[in-house]
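A.B. asks:
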Amino acid sequence: MRRNNLALALVLLVIIIAGCVFVNRLPVWSTIEDFTRNIGSLLEIDLIDYCTDPDGDELSFSLVSGPGSINGSNYSWTVSGAIGTKEVEIEASDGEGKSSTSFTITVKGPPNTPSNPSPSDNAVNQNFPLITLSWEGGDPDGDEVTYDLYFGKTPDPALLRKDFSSTTHTKSALENSTKYYWKVVAKDGTHEVEGPVWSFTTGAFCLVQESFESLALGPLSSSTLSWGDYQKTSTSFAEITQRGFNETKGLTFVDPTVLGYAKVVGEGFKPAKSGAIKFDFRVSENGFFGVGDPIRRAPYVYVGDFGDGFGVYTYNYQTDKVRKRSELEPASWHLIMMEFDFTDSPGFAVYVDNIMHPCGYESYSESFDFTKFEFIVFADKTCSYVDFDNIIICVTEPGYSTAGK
1 MRRNNLALAL
11 VLLVIIIAGC
21 VFVNRLPVWS
31 TIEDFTRNIG
41 SLLEIDLIDY
51 CTDPDGDELS
61 FSLVSGPGSI
71 NGSNYSWTVS
81 GAIGTKEVEI
91 EASDGEGKSS
101 TSFTITVKGP
111 PNTPSNPSPS
121 DNAVNQNFPL
131 ITLSWEGGDP
141 DGDEVTYDLY
151 FGKTPDPALL
161 RKDFSSTTHT
171 KSALENSTKY
181 YWKVVAKDGT
191 HEVEGPVWSF
201 TTGAFCLVQE
211 SFESLALGPL
221 SSSTLSWGDY
231 QKTSTSFAEI
241 TQRGFNETKG
251 LTFVDPTVLG
261 YAKVVGEGFK
271 PAKSGAIKFD
281 FRVSENGFFG
291 VGDPIRRAPY
301 VYVGDFGDGF
311 GVYTYNYQTD
321 KVRKRSELEP
331 ASWHLIMMEF
341 DFTDSPGFAV
351 YVDNIMHPCG
361 YESYSESFDF
371 TKFEFIVFAD
381 KTCSYVDFDN
391 IIICVTEPGY
401 STAGK
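Its first residue numbered 1, the sequence shown is counted upward by one per residue in UniProt numbering.
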């Protein structure tokens, strides 16, 4: 009887077990936080830290959508592409069922490349000894940006200022006629972006820059001009008139006889090796005058008829020759510029109305200094009038920094 009961129990147990169905439970995800990363950085996530299986099944992972890749349980992505938000969906499988989760990656870019420099690249005739440098910077994500400024006289400038937030800097102690190089490095705490190397050249040192507009009309006196001494003899004289270029104020010399002269002399400044003299003028048909350094007549021009018709002449003291450089129409405004350089190839060039004579360079076999200048109507000549305006006398020798009477 007992055996029958045991057999019956076993049969019932088999029936019960056979009637039960096993239910697989899906992998369970915890929240993967959203990430913010800069372009170029590596993001890695161990997915096992965020996913478990209630049944203890072994899990496998796959990338459903979004950037990056999965190797085993490791998700990785070297951040690239456009800035903005990327969504990543990942699926976990226990072999019988799947579940997925998602998270976002906010892609941030490096700072903007420094641009739009002031002074502009390769600018010339810039202010000295002070100049304000500026540029455009910023960050596409709105991150705080700091800058390193490099500045110097070589194409590989040295660090001048570090970790400042302004996009301007005022540089002092600049020299005249000098080329400077500079660059800016932008930093947002993660990335550094180096801007291009820019350059600019400072202007010449002006000994004289005179338009006469600030001077009172009337005869010259010893104190009228800050840059020159006025001298006269006999009936010759000079005065500030309304006869300048375009009927503005100017300096007029009158020399009615051969008995006298009038001149303005500038001297006492630091000797210079290179520079320029530039001025507008209008002279009468019978006019004679000279402008330049009277010591060696270099640079120097004579205007009048010195034996070969009315025009512009130069004289070379080494060859003792007078040469005509240009014809001139009297009673009309003209522009003369003399550029001198007494260093490697000593001499000076003469431009009349911005045109240089084919043989317009007066050369010398020795080097010397520019130490004095004059504007003169001669004692042995006459000149009904000569009007001067917009006189500029400058030094282009780099580092020239002192001048004064």
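Virtual Cβ for every residue (Gly too), placed ideally from N, Cα, C.
Quick check: the Cα distance between Gly309 and Glu327, rounded to an integer number of angstroms?
C.D. replies: What you label residue 309 is simply residue 309 of the sequence shown in a count that begins at 1. What you label residue 327 is simply residue 327 of the sequence shown in a count that begins at 1. In this structure, the straight-line span from the alpha carbon of Gly309 to that of Glu327 is close to 8 Å.
A.B. asks: Just to confirm, are Ser134 and Thr168 a CB contact at a threshold of 8 Å?
C.D. replies: Position 134 of the sequence shown holds residue 134. Position 168 of the sequence shown holds residue 168. Yes, the Cβ-Cβ distance between Ser134 and Thr168 is below 8 Å.
A.B. asks: Using only the alpha-carbon positions, how far apart do Glu267 and Pro294 sit?
C.D. replies: As a working mapping, residue 267 is identified with position 267 in the sequence shown. As a working mapping, residue 294 is identified with position 294 in the sequence shown. Taking the straight line from one Cα to the other gives about 11 Å.
A.B. asks: Hey, would you say Asn246 sits closer than 8 Å to Gly203, going by beta carbons?
C.D. replies: Here residue 246 is taken as the residue at index 246 of the sequence shown, counted from 1. Here residue 203 is taken as the residue at index 203 of the sequence shown, counted from 1. Contact: no.
A.B. asks: Just to confirm, is the Cβ distance from Ser367 to Thr343 under 8 Å?
C.D. replies: The sequence position of residue 367 within the sequence shown is 367, counting from 1. The sequence position of residue 343 within the sequence shown is 343, counting from 1. Result yes, Cβ atoms of Ser367 and Thr343 sit closer than 8 Å.
A.B. asks: Applying the 10 Å Cβ sphere with the 16-neighbour rule, what's the burial state of Gly95?
C.D. replies: Walking along the sequence shown from the start, residue 95 turns up at place 95. That one is exposed.
A.B. asks: Can you name, in chain order, every residue of its own chain whose Cβ lies under 8 Å from the Cβ of Ala403, other than the five neighbours on each side?
C.D. replies: In the sequence shown, the residue the question calls residue 403 occupies position 403. The predicted position of Ala403 is uncertain, since its pLDDT is 44 and thus under 50; a value taken from the coordinates is nonetheless stated next. Excluding positions up to five away in sequence, the list reads Phe205, Leu207, Phe269, Lys270 and Val395.
A.B. asks: What does a CB cutoff of less than 6 Å around Lys381 pick up in its chain, not counting 5 residues either side in sequence?
C.D. replies: Working through the sequence shown from its first residue, we reach residue 381 at position 381. Cβ neighbours of Lys381 beyond the five flanking positions: Phe288.
A.B. asks: Kindly indicate which three-state DSSP category Asp255 falls into: helix, strand or coil?
C.D. replies: Position 255 of the sequence shown, counted from the start, is the residue given in the question as residue 255. Reduced to three states, the DSSP call for Asp255 is strand.
A.B. asks: Go to Asp121, then tell me how far its beta strand (DSSP E) extends in each direction, as first and last residue.
C.D. replies: Position 121 of the sequence shown, counting from 1, holds the residue named residue 121. Looking at the DSSP string, Asp121 is not in any beta strand (DSSP E), and its letter there is neither H nor E.
A.B. asks: Give me the residue from Leu149, Phe164 and Ser172 with the minimum Cα distance to Val183.
C.D. replies: Counted from its first residue, the sequence shown places residue 183 at position 183. Note that residue 183 is Lys in the sequence shown here, rather than Val. The shortest Cα separation from Lys183 among Leu149, Phe164 and Ser172 belongs to Leu149.
A.B. asks: Please go through the region 340-397 and give each complete beta strand (DSSP E) segment of 3 or more residues, from N-terminal end onward.
C.D. replies: 347-352, 355-363, 370-377 and 383-395
A.B. asks: Given Gly311, which residues of its chain have a CB within under 6 Å of its CB, disregarding the five upstream and five downstream residues?
C.D. replies: Indexing the sequence shown from 1 puts residue 311 at position 311. Taken in chain order, the residues that qualify are Lys324, Ser326, Glu327 and Leu328.
A.B. asks: With distances taken from CA atoms, which of Glu192, Glu285, Leu174 and Tyr351 is nearest Val39?
C.D. replies: Sequence index remark: in the sequence shown, residue 39 carries index 39 (1-based). The sequence as given places Ile at residue 39; Val does not occur at that position. Cα-wise, what sits closest to Ile39 is Glu192.
A.B. asks: Here's the rule I'm using: 16 or more other beta-carbon atoms within 10 Å means buried, otherwise exposed. How should Leu225 be labelled?
C.D. replies: Looking up residue 225 in the sequence shown gives position 225. Burial call: buried.
A.B. asks: Less than 8 Å between the beta carbons of Gly275 and Phe340, yes or no?
C.D. replies: On the sequence shown, residue 275 is found 275 positions in, with the first residue counted as 1. On the sequence shown, residue 340 is found 340 positions in, with the first residue counted as 1. Result yes, Cβ atoms of Gly275 and Phe340 sit closer than 8 Å.
A.B. asks: State the Cα-Cα distance for the pair Ile105 and Glu44, rounded to the nearest angstrom.
C.D. replies: Here the question's residue 105 lines up with position 105 in the sequence shown. Here the question's residue 44 lines up with position 44 in the sequence shown. In a straight line, the C-alpha of Ile105 is about 12 Å away from that of Glu44.
A.B. asks: Could you pull out every residue in the same chain whose Cβ sits closer than 7 Å to the Cβ of Ala216, ignoring the five residues on either side in sequence?
C.D. replies: Position 216 of the sequence shown holds residue 216. Excluding positions up to five away in sequence, the list reads Ile240.
A.B. asks: Taking the continuous beta strand (DSSP E) assigned at Ile105, which residues delimit it?
C.D. replies: Within the sequence shown, the letter at position 105 stands for residue 105. Run containing Ile105: Lys98 to Lys108, per the beta strand (DSSP E) assignment.
A.B. asks: What span of residues does the beta strand (DSSP E) with Pro67 cover, start to end?
C.D. replies: For the purposes of this step, residue 67 is identified with residue 67 of the sequence shown, where counting begins at 1. First-last for Pro67: undefined, no H or E at that position.
A.B. asks: For Asn316, name the three-state secondary structure that DSSP assigns.
C.D. replies: Taking the first residue of the sequence shown as 1, we reach residue 316 at position 316. Asn316: strand per DSSP, three-state reduction.
A.B. asks: Let's test the definition: count the other Cβ atoms within 10 Å of the Cβ of Phe61 and tell me whether it reaches 16, buried, or not, exposed.
C.D. replies: What you label residue 61 is simply residue 61 of the sequence shown in a count that begins at 1. Classification of Phe61: buried, given that the 10 Å Cβ count is 16 or more.
A.B. asks: Please name the residue or residues paired with Gly287 in a DSSP beta bridge.
C.D. replies: To locate residue 287, count along the sequence shown from 1; it is residue 287. Looking at the DSSP assignment, Gly287 forms no beta bridge with any residue, so it has no partner.
A.B. asks: Find out if the Cβ-Cβ distance for the pair Asp387, Gly250 is shorter than 8 Å.
C.D. replies: Indexing the sequence shown from 1 puts residue 387 at position 387. Indexing the sequence shown from 1 puts residue 250 at position 250. Yes, the pair counts as a contact, with Cβ atoms nearer than the cut-off.
A.B. asks: For Ser221, count neighbouring C-beta atoms within 10 Å of its own C-beta (all shown protein chains included) and say buried if the count is 16 or more, exposed if not.
C.D. replies: For this step, residue 221 is matched to residue 221 along the sequence shown. Exposed: under 16 other Cβ atoms inside 10 Å.
A.B. asks: Grab the span of the beta strand (DSSP E) containing Trp77 for me, first residue to last.
C.D. replies: Position 77 of the sequence shown holds residue 77. It spans Asn74 to Thr78 - the beta strand (DSSP E) in which Trp77 sits, taken as one unbroken run.
A.B. asks: Taking Val79 as the reference, give the member of Glu89, Gly68, Glu87 and Val88 with the closest Cα.
C.D. replies: The residue given as residue 79 occupies position 79 in the sequence shown. The shortest Cα separation from Val79 among Glu89, Gly68, Glu87 and Val88 belongs to Gly68.
A.B. asks: Determine the burial state of Phe22: buried for a count of at least 16 other Cβ atoms within 10 Å of its Cβ, exposed for fewer.
C.D. replies: Stepping through the sequence shown from its first residue, residue 22 is reached at position 22. Phe22 is exposed by the Cβ-count criterion.
A.B. asks: Rank Ser332, Ser284 and Asp369 by C-alpha distance to the C-alpha of Gly304 and give the top, closest one.
C.D. replies: If you number the sequence shown from 1, residue 304 lands on position 304. When only C-alpha atoms are compared, the closest one is Ser284.
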